[in-house]
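Colleague:
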Amino acid sequence: MAGIRDFRGLTALVTGASSGIGRCLALRLASSGARLALVARRADELERLAGEIRSGGGEAVVLPCDVADRAAAEAACAEASRRLGSVDLLVNNAGFGRHRPFVRHEVDDIERMTRVNYLGTVYFTHALLPGMLERRRGWIVFVSSVAGRIASPDEAAYAATKFAVTGLASALSLEVEDAGIHVLTVFPGVIRTPFFDEEALSRMPPVSLRQMVEPEKLVDEVIRALRRGRRELTYPRFIALAYRVQALFPGFMRRQLRRTTLEALRRREAAESSASST
Ligand SMILES: NC(=O)c1ccc[n+]([C@@H]2O[C@H](COP(=O)([O-])OP(=O)(O)OC[C@H]3O[C@@H](n4cnc5c(N)ncnc54)[C@H](OP(=O)(O)O)[C@@H]3O)[C@@H](O)[C@H]2O)c1
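So this is what it looks like as structure tokens:
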């Protein structure tokens, strides 16, 4: 089994469905005929989304949950299966980022990020995989990040969580493919969602801001990748070239990262501190 030929009748559980990429993907899956289990902390946003899905003729259940809470994650998986039947497609998408130098990043926040971005993914995958293996059918999408392939300054802790997700997804993909389970790892570039707060936007290099794309475009590609049984998706696609550059010319890549992110940030911080001292 690789590609999804028909989404109709599939049960899909999407984490981080209350906003951004997850919300957009849940809507697309529902309009393609899948039945949705919606997971995130904000119940009101999930209810709003479920209402939209139902008014379009679809089926959705709302499962408010902090993905970093293992017991709550396991209960959400059990409840999804009880109310909608076996989960065929799991989308591990919930997560958050932080733009700040590692030395100024509070350890509590790094722990929290690791629990949400990485362990949350572990909890949902571990709870739903046995059922998929038993049925010899299932698809698991891991929403990693380009930061899970190329680590940039100012997001060390975030990159580490996404490298962890990438590693988990790559190894799991090999472990389960002969048992009929397909793993798709998604590496979004810069997508216009509430993921970026004012602080993050102000610290991002101009080149990244210029590359920002709408979540609908990414979701179109995710659906296409699922249909085709692809194992990896980087979007926008041209970013995948940077993986080759990094592998072949690591010194050049390092100089580029320094120039586009680190040096720009240092100039900005120097300007801010001289403005505040005058
Ligand atoms: N936007 C980008 O450019 C970009 C690039 C690369 C990768 N990504 C990845 O894409 C994924 C989705 O991000 P997005 O851009 O769509 O951001 P977003 O709009 O901020 O959405 C994040 C989602 O994650 C949920 N979430 C966060 N913490 C949670 C928790 N503890 N428990 C349950 N749900 C939680 C949020 O819901 P609640 O607040 O309601 O809990 C929300 O639904 C993330 O994993 C992110 O790392 C995004």
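Taking the working numbering, the leading residue of the sequence shown gets 7, the next gets one more, and so forth. From the three backbone atoms N, C-alpha and C, an ideal C-beta is built for every residue, glycine too.
Please name the residue in Ala163, Tyr249 and Val93 whose C-alpha comes closest to that of histidine 132.
Modeller: As a working note, residue 132 is residue 126 in the sequence shown. Selected option, being the one with the closest Cα: Val93.
Colleague: Which whole-angstrom value describes the C-beta separation of leucine 55 and serine 24, a residue pair presumed to lie in contact below a C-beta threshold of 8 angstroms?
Modeller: Position 49 of the sequence shown, counted from the start, is the residue given in the question as residue 55. Position 18 of the sequence shown, counted from the start, is the residue given in the question as residue 24. Indeed they touch by this definition, with Cβ atoms about 7 angstroms apart.
Colleague: Identify whether asparagine 99 lies in helix, strand or coil by the three-state DSSP scheme.
Modeller: Position 93 of the sequence shown, counted from the first residue, corresponds to residue 99. Correct three-state label for asparagine 99: coil.
Colleague: So, is valine 20 buried or exposed, given that buried needs 16 or more other C-beta atoms within 10 angstroms?
Modeller: Within the sequence shown, numbered from 1, the residue matching residue 20 stands at position 14. Per the 10 Å Cβ criterion, buried.
Colleague: Evaluate contact between the region 150-169 and the region 40-52, counting only Cβ atoms and requiring at least three cross-stretch pairs below 8 angstroms.
Modeller: Contact between the region 150-169 and the region 40-52 is absent, because fewer than three Cβ pairs lie under 8 angstroms.
Colleague: List the endpoints of the continuous alpha helix (DSSP H) containing leucine 263.
Modeller: Taking the sequence shown and counting its residues from 1, one reaches residue 263 at position 257. Where leucine 263 is concerned, the enclosing alpha helix (DSSP H) stretches over 256-263.
Colleague: Here's a check: name, in chain order, each residue in its chain whose Cβ is nearer than 8 angstroms to the Cβ of leucine 239, leaving out the five neighbours to either side.
Modeller: Within the sequence shown, numbered from 1, the residue matching residue 239 stands at position 233. Leu190, Thr191, Val192, Phe193, Glu227, Val228 and Ala231.
Colleague: Can the beta-carbon of methionine 259 be found less than 7 angstroms from the beta-carbon of isoleucine 187?
Modeller: Residue mapping note: residue 259 aligns to position 253 of the sequence shown, counting from 1. Residue mapping note: residue 187 aligns to position 181 of the sequence shown, counting from 1. Cβ distance not < 7 angstroms, so methionine 259 and isoleucine 187 don't count as in contact.
Colleague: Check whether the Cβ of threonine 149 lies closer than 6 angstroms to any heavy atom of ligand 1, and answer yes or no.
Modeller: Residue mapping note: residue 149 aligns to position 143 of the sequence shown, counting from 1. What sits at residue 149 in the sequence shown is valine, not threonine. Valine 149 Cβ: within cutoff of ligand 1.
Colleague: How big is the Cα-Cα spacing for glutamate 3 and alanine 18?
Modeller: Given that the chain is displayed from residue 7 to residue 284, the structure contains no residue 3 and the question cannot be resolved.
Colleague: Mind reading off the beta-carbon distance from arginine 142 to alanine 77? Whole number of angstroms is fine, and I expect it under 8 angstroms.
Modeller: Reading the sequence shown from its first residue, position 136 is the one you call residue 142. Reading the sequence shown from its first residue, position 71 is the one you call residue 77. Their Cβ separation, rounded to whole angstroms, is 28 angstroms, which puts arginine 142 and alanine 77 out of contact at 8 angstroms.
Colleague: Using C-beta distances below 7 angstroms, list every residue in its chain close to alanine 163, excluding the 5 sequence neighbours before and after it, in chain order.
Modeller: To locate residue 163, count along the sequence shown from 1; it is residue 157. Cβ neighbours of alanine 163 beyond the five flanking positions: Arg104, Phe108, His111, Ile116 and Met119.
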